[in-house]
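Contents: one structure, followed by commentary.
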Amino acid sequence: MTQFGNYRPCVGIMLLNRDGLVFVGRRRSKRPLEQPRVGHEWQMPQGGIDPGENPFDAAMRELREETNVYSASLLAESPDWYTYDLPEEYSRKSWKGRFEGQRQKWFALRFEGDDGEIDIDNPAGGQKPEFDAWRWAPIDHLVDLIIPFKRPVYERVVESFVHLAAPASASAGERDS
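Going by this note's numbering, the first residue of the sequence shown is number 2, and it counts up by one from there.
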């Protein structure tokens, strides 16, 4: 995988349950720079593509590493790579200035398990937990839950995958770890 210029190659995962709701996790990070305003700390699973790894395999690995979910099948792949710039104060600290932001390939997956499979405290592969809570959210709420600098990407992801989400049949509840 190339570095796409100064953008880190990454994947994002929209995990949809049977009711058409989308998995979002609340970021666990307590570093001051990563503290978004209350309500904007939620995101869908995402992460970097390892050298030589194809994007779909990276998406499945990241999903397991962040949620412990194995029971998921591919619904769709985004038609394009979506890019966002990190604010300078984030990029200097997060990646030591190596990247200006991320270039992401997104995948919509259907969650075929039950909620008990999701384990954000003990994710696969001995990874450090990235989320401290999770919930199912309606697709039309996603953009409002994310930190503002990622919103243009989330708008494009929602536009690409909205046809896969059925109307929510019940209100989503937050689950603390």
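Yeah, the Cβ is synthetic: ideal placement off N, Cα and C, and Gly gets one too.
Asked                                                                                                                                           : Found
Using DSSP with H/G/I as helix, E/B as strand and the rest coil, what is R9?                                                                    : strand
Buried or exposed: which applies to E89, given that a residue is buried once 16 or more other Cβ atoms fall within 10 Å of its Cβ?              : exposed
Assuming the contact rule is C-beta atoms closer than 8 angstroms, A73 and L87 should be a hit. Round their C-beta distance to whole Å, please. : That pair is no contact at about 28 angstroms.
On the CB-based measure, 16 or more other CB atoms within 10 Å of its CB, does D115 come out buried or exposed?                                 : exposed
Which residue comes first and which comes last in the alpha helix (DSSP H) that contains V25?                                                   : Looking at the DSSP string, V25 is not in any alpha helix (DSSP H); the run it does join, the beta strand (DSSP E), is V23 to R28.
Could you check if E67 is buried or exposed, using at least 16 other CB atoms within 10 Å of its CB as the buried criterion?                    : buried
Using CA atoms only, rank isn't needed, just tell me which of Y8, P10 and M15 is closest to R161.                                               : Here residue 161 turns out to be Ser, not Arg, going by the sequence shown. The residue with the shortest Cα to Cα distance from S161 is M15.
Helix, strand or coil: how does DSSP classify D20 here?                                                                                         : coil
Hey, how far is the Cα of V25 from the Cα of Q103?                                                                                              : 19 angstroms
How about P56 and K106: are their beta carbons less than 8 angstroms apart?                                                                     : yes
Using a 10 Å radius around the Cβ and a threshold of 16 neighbouring Cβ atoms, would you call A124 buried or exposed?                           : One point to set straight first is that residue 124 is Pro, not Ala, in the sequence displayed. Buried.
Suppose you measure from the CA of A77 to the CA of F108; what does that come to, to the nearest Å?                                             : 6 angstroms
Which residues bound the beta strand (DSSP E) around D122?                                                                                      : Where D122 is concerned, there is no enclosing beta strand (DSSP E), given that its DSSP letter is neither H nor E.
Assuming P130 and R29 make a contact with CB atoms under 8 angstroms, what is their CB distance in whole Å?                                     : 6 angstroms
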